[in-house]
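Residue numbers (the numbering used here), protein chains in the order written: chain A, 21 to 325; chain B, 21 to 325; chain C, 21 to 325; chain D, 21 to 325.
There are 4 protein chains.
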Amino acid sequence: MDIKGIIPPLVTPLMADGTLDREGVDRLLEHVIEGGVHGVFILGTTGEGPHLSYDLRRQFIARVTESIGGRIPVIVSISDTSMVESHNLAKYAKEAGASAVAFTPPYYFIPGGPELQDFVQDMVELLCLPFFLYNMPSLTKVTIPLDVIETAFQCENCLGLKDSSGDLFYFKQVRRLIGKRDKKLLIGPEELLAESLLAGGHGGVSGGANLFPRLYVSIYEHMQAGDFAQAAALQREVMELSCGLYNIGRHGSRIIQGIKGALELSGICQRHLAAPFRGLSADELKRASEVISGMEHWLSRPTTA
Amino acid sequence: MDIKGIIPPLVTPLMADGTLDREGVDRLLEHVIEGGVHGVFILGTTGEGPHLSYDLRRQFIARVTESIGGRIPVIVSISDTSMVESHNLAKYAKEAGASAVAFTPPYYFIPGGPELQDFVQDMVELLCLPFFLYNMPSLTKVTIPLDVIETAFQCENCLGLKDSSGDLFYFKQVRRLIGKRDKKLLIGPEELLAESLLAGGHGGVSGGANLFPRLYVSIYEHMQAGDFAQAAALQREVMELSCGLYNIGRHGSRIIQGIKGALELSGICQRHLAAPFRGLSADELKRASEVISGMEHWLSRPTTA
Amino acid sequence: MDIKGIIPPLVTPLMADGTLDREGVDRLLEHVIEGGVHGVFILGTTGEGPHLSYDLRRQFIARVTESIGGRIPVIVSISDTSMVESHNLAKYAKEAGASAVAFTPPYYFIPGGPELQDFVQDMVELLCLPFFLYNMPSLTKVTIPLDVIETAFQCENCLGLKDSSGDLFYFKQVRRLIGKRDKKLLIGPEELLAESLLAGGHGGVSGGANLFPRLYVSIYEHMQAGDFAQAAALQREVMELSCGLYNIGRHGSRIIQGIKGALELSGICQRHLAAPFRGLSADELKRASEVISGMEHWLSRPTTA
Amino acid sequence: MDIKGIIPPLVTPLMADGTLDREGVDRLLEHVIEGGVHGVFILGTTGEGPHLSYDLRRQFIARVTESIGGRIPVIVSISDTSMVESHNLAKYAKEAGASAVAFTPPYYFIPGGPELQDFVQDMVELLCLPFFLYNMPSLTKVTIPLDVIETAFQCENCLGLKDSSGDLFYFKQVRRLIGKRDKKLLIGPEELLAESLLAGGHGGVSGGANLFPRLYVSIYEHMQAGDFAQAAALQREVMELSCGLYNIGRHGSRIIQGIKGALELSGICQRHLAAPFRGLSADELKRASEVISGMEHWLSRPTTA
């Protein structure tokens, strides 16, 4: 399996009452596939995974895998505080036809290095699917140490690491650890996509690719083609989106608020977040509309009624 | 309902295979009740709540409530990253006969102040049981702001706050907020029990009270009786326990490792932790034995075969 | 030398142009001595030491030692990022007749444990005066480890530790380390004064004792006399002061702004802070006046014209 | 003045007794100038500025400016906890012929946003030389907010910002703020040099350029020439140096230990650090020798006896 390129961390489309917006899921998937993405990553941070009930997580896995029907790889985040629940979710994902799973360290206690070694080894024994490690220290309170990554990389089933630290020095240390091995290193923060590719990264789990998949795919393709200056120019558009759309809301949920708000404006899915978090207000939605005005060509799809 | 005094955050007795140690649960409950505790707090941090499967959490709630049979109050932590799962657990706890629930902020995203206000209001609407707020910033990444506490205190169903921050200045600000209202303020870290009572606190959710309930109950009773010097002397024994027993293991799980190890040595329950965390090794157990040697009079119960 | 009890961290009275307010220094010293304090601590955090020029620091040392004339001990903070400058200041303090010095770890780099060991040993060799270690992790970025404290305690010249961490568990670990040795443990945050004394502490470096020395001295004396309940009641007045006066300003300088503002209102010294920090505005001063209204009996001195 | 390109943060060569190694200074300057650097940055973090006595700081400024004799720009860090001392140092630097100064926020208190605004305005009024802002949050405890940078950029004397945060997203936000204005943005961490240039940065204050100036100058020149792939390849050599040489020592001083150790091995200056920090031990020096073995061609200078 060769998972690389632009892999949007799919938002989870929700109705106002918190149930799954099934039509929205389908429209979102067609939208990103049409935009040229190389896979989807579901139930991660942008997907609000930890905020959803297990029942809804399973519904979403089922709908996504069915709707995609094998056209592109599906990676399911099974991150949890409980290994048993992670395992249950992995089994469900496998049966549904997912391609791989991803997991952070358990995010309630703060595990020490040896405890993380135990954790990775326990997970490797349990898992029946290939996996990515998922580094997200701002939310899990722990950076995955390089020696723990090395342990995981010994395992054939380990596909690589998704790094959402935003710390490009750490990212490059992991890249150096990979060397010539066939492990993939994906960057989380879309603001660093082009730079991460210059540094040897293999792709991005870019939140904005929910909305403007072609923009991120273009950056990736330009970098692959050695056209760095053009990639850098497009990367500046990502900064505009990030500094605009993701700063309308405030607090912990503002990035997802921005993406979901713009998706509603684009007719793709509704803007609601899982409780207790809220979608953008009507006023905020208006500001979102101004931010994305002029970027519609990146939507690259016919308008939905 | 008047919940105060010494309320151990019960450990969750587990078998080596991760299933519930039902006999251990019963022995532990008899042990702490005999030791004079004023309630139990289950599935919190010391109870490894977030690390257990939901199925095991429900089994534990059922066993504890049944075994106690109303003799003392049972508080169930329903803290979760997903409000739906919190709510599910609260319903189960109510049906099982629990007295109250407790919850931290959701601990994946980092909610801002207004988001915490939304959260508390959403929870209050959902809950069918009286509740304690639960402040645990080292693990949830957020200190509950005073204005959010004030909002919760407006609610009749709110019994008070359990503060595990270890920040006694914050604790005293909450105490000042309570003033003459009938809300209870319980301290988490047992190392500050006597001092928190001097500061106007109403009791302690003291991990060591799993093991030596009479020691903590004695501190509480001495402080109630105005016998501060004697309380301070006993509090020094708590420091010995803490600096000894809780420093044998290392990393995030060391306090629970120490308590569970000593409980095994005392014939009460097994020492296993929920994966990926491990119980004390045989060598470490030997050191635990030395630390608690001389403190057996605080067990205050007949030896179990 | 037996330094314990209430030892205000003296503010440094300044004129509007940033020069020393010499008359203010004298009035402040008479005020706190009359209030019964057991020593003064100068050029620490509350004294804005690191924000003052070295010339002004020396002027202040000279004025304070001369004005006190040996009536009570004078402790001089020589904390610095440069050991040479610390040493220069210590020499000056000794010649001026100071009783002791105090120092934090150097606060630019973040020293590791072995580097702190080196630091303490280097300082001990250089110093010609008895000294206190000074733990102030929120500003120096490092908590002094217990083994480094143990190294310092081996030295006869070490008088003890001033702990401004606000972490009473740490404080009690240091107290346990002292055991029966003749080392003194002083608490920084005045909000925890009574509780720290219950925990075996020897006194407080209480900022509010610049303003209301008798309040803090009374808490100390009540605790010494075993009259804990009365001490706790007075401690609640400290909380009122802290939650009121120290929350008028905002940001890093707000505690000093509050103390200096109230000192100006009481006719003792001016309210200016060292640049770039500002004293309270006229509006804020009015609010300060309301907060301390009703507490004037703690001033315990004739009004200054 | 057009300050950009590779500007090494010069180490401060010291004798074993802590005095200035004047010959070492001269050799180091000839070495980096011969290596093609575009300026030097002195008394910053790598220069151990805050750890040196003021007297030594002045000696170093004098020696560097005299020895360089105007061949390349000299930027002097005047960062301090005391604005008066910063100002004194700036005056000295101007008289000595320095080109510009740089300063972090004052690093004892933690200033709030408005306090930082006050600080920048106070500094701008005082300074008689062009200046760079210097963002170094890991050591100063505060990230300079974008609105404070905007205020500084209004000032003609402000040349730009040196960003040592390692947070490339922040870096790119500052770059976006600059837009088409003539302000320069320099990156601190050398591990991100090429990526920062792709992101629109103007140069690097790269510690390793003390040792291998040609390596860093080559990366800069390749990026300027649009030869990104070659720059990325050289950047991997920087990673080798960083992961090797800067990880021999441990704790806060390890990067400087590595650079100074390798400089001693290369016959340029001694390896001592300002107390309480230590240079590499003999054993560690041997490991440093192995790390840099094979990289000598980057020294690009005749061996010193």
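Cβ atoms here follow ideal geometry from the backbone N, Cα and C, with glycine treated the same way. Just so you know, these numbers come straight off a predicted model, no measurement behind them.
Rounded C-alpha distance that separates residue i from residue j
i, j, result
"Val162 (chain A)", "Gln141 (chain A)", "17 Å"
"Arg256 (chain A)", "Ser106 (chain C)", "48 Å"
"Pro125 (chain D)", "Ala113 (chain D)", "19 Å"
"Leu349 (chain B)", "Gly208 (chain B)", "No information on residue 349 (chain B) is available, as it lies outside the stretch 21 to 325 that chain B covers here."
"Cys148 (chain A)", "Ile27 (chain B)", "42 Å"
"Val52 (chain C)", "Ala249 (chain C)", "25 Å"
"Leu166 (chain A)", "Leu197 (chain A)", "8 Å"
"Gly55 (chain B)", "Trp318 (chain B)", "9 Å"
"Asp22 (chain C)", "Gln244 (chain C)", "16 Å"
"Glu115 (chain B)", "Asn108 (chain B)", "11 Å"
"Pro93 (chain D)", "Glu176 (chain D)", "18 Å"
"Lys111 (chain A)", "Arg270 (chain A)", "36 Å"
"Lys280 (chain D)", "Gly272 (chain A)", "43 Å"
"Gly133 (chain B)", "Glu170 (chain B)", "12 Å"
"Phe173 (chain C)", "Asp100 (chain C)", "21 Å"
Within-8 Å CB hit, residue i to chain D
i, result
"Thr323 (chain C)", "With a pLDDT of only 47 at Thr323 (chain C), under the threshold of 50, the placement of this residue in the model should not be trusted, and no figure is reported."
"Ser273 (chain C)", "yes"
"Phe338 (chain C)", "Outside the displayed span of chain C (21 to 325) sits residue 338 (chain C), for which this structure offers no information."
"Asp142 (chain C)", "yes"
Cutoff 8 Å: residue i Cβ touching any chain G Cβ
i, result
"Thr101 (chain C)", "Chain labels in this structure do not include chain G; the protein chains are A, B, C and D."
Chain-ordered chain B contacts of residue i [CB-CB under 9 Å]
i, result
"Val121 (chain A)", "Going along chain B, no residue has its Cβ under 9 Å from Val121 (chain A), so there is no contact; the nearest lies around 16 Å."
"Lys182 (chain A)", "Those do not exist, as Lys182 (chain A) stays about 16 Å from chain B at its closest Cβ, beyond 9 Å."
Whether residue i touches residue j by CB criterion (8 Å)
i, j, result
"Leu217 (chain C)", "Ser226 (chain C)", "no"
"Val258 (chain B)", "Leu235 (chain B)", "yes"
"Asp75 (chain A)", "Pro296 (chain B)", "no"
"Val327 (chain C)", "Val104 (chain C)", "Nothing about residue 327 (chain C) can be reported from this structure: the residues present for chain C run from 21 to 325 only."
"Leu261 (chain D)", "Ala219 (chain D)", "no"
"Pro29 (chain A)", "Thr85 (chain A)", "no"
"Leu40 (chain C)", "Arg83 (chain C)", "yes"
"Leu283 (chain D)", "Asn230 (chain D)", "yes"
"Gly180 (chain A)", "Leu146 (chain A)", "no"
"His58 (chain D)", "Gly223 (chain D)", "yes"
"Ser87 (chain C)", "Val45 (chain C)", "yes"
Chain-ordered neighbours of residue i on chain D, where CB pairs are closer than 8 Å
i, result
"Arg234 (chain C)", "Chain D residues near Arg234 (chain C): none, gap ~29 Å exceeds 8 Å."
Listed by chain order, chain A residues near residue i by CB distance under 7 Å
i, result
"Tyr128 (chain B)", "Pro70, His71, Tyr127 and Leu159"
Residue i: contacting residues in chain C (beta-carbon distance under 7 Å)
i, result
"Lys192 (chain B)", "Glu211 and Met259"
Chain D residues whose Cβ lies nearer than 7 Å to that of residue i
i, result
"Gly132 (chain C)", "Arg270, His271 and Gly272"
Test: residue i CB closer than 8 Å to a CB of chain C
i, result
"Cys148 (chain B)", "no"
"Glu135 (chain D)", "yes"
Test: residue i CB closer than 8 Å to a CB of chain A
i, result
"Gly314 (chain D)", "no"
"Asp46 (chain D)", "no"
Residue-chain proximity (residue i, chain B), Cβ-Cβ < 8 Å
i, result
"Ala214 (chain C)", "yes"
"Leu218 (chain C)", "yes"
"Asp41 (chain A)", "no"
"Pro29 (chain C)", "no"
Distance cut-off 7 Å: residue i Cβ against heavy atoms of the ligand SAH
i, result
"Glu68 (chain A)", "Only the bare structure without any ligand can be found here, which leaves the ligand SAH out of the picture."
Chain-ordered neighbours of residue i on chain B, where CB pairs are closer than 7 Å
i, result
"Arg201 (chain C)", "Neighbours of Arg201 (chain C) on chain B: none; closest Cβ ~16 Å, over 7 Å."
"Gly186 (chain C)", "Asp187 and Phe189"
Problem - Members of the stretch 275-307 of chain A near chain B, C-beta cut-off 7 Å - result: The stretch 275-307 of chain A vs chain B, Cβ under 7 Å: Ala295, Pro296, Phe297 and Arg298.
Exercise for the section: Could you please tell me which residues of the stretch 156-173 of chain D, in chain order, have their CB closer than 7 Å to any CB of chain A? Expected result: Correct list: empty, as no residue qualifies.
Problem - the stretch 79-111 of chain A: positions lying closer than 7 Å to chain B by Cβ - result: Within the stretch 79-111 of chain A, the qualifying residues are Thr101, Ser102, Met103, Val104 and Glu105.
Handout entry: Against chain A: residues of the stretch 220-251 of chain D by CB proximity under 7 Å
Key = Cβ contacts with chain A: Gly246, Phe248 and Ala249.
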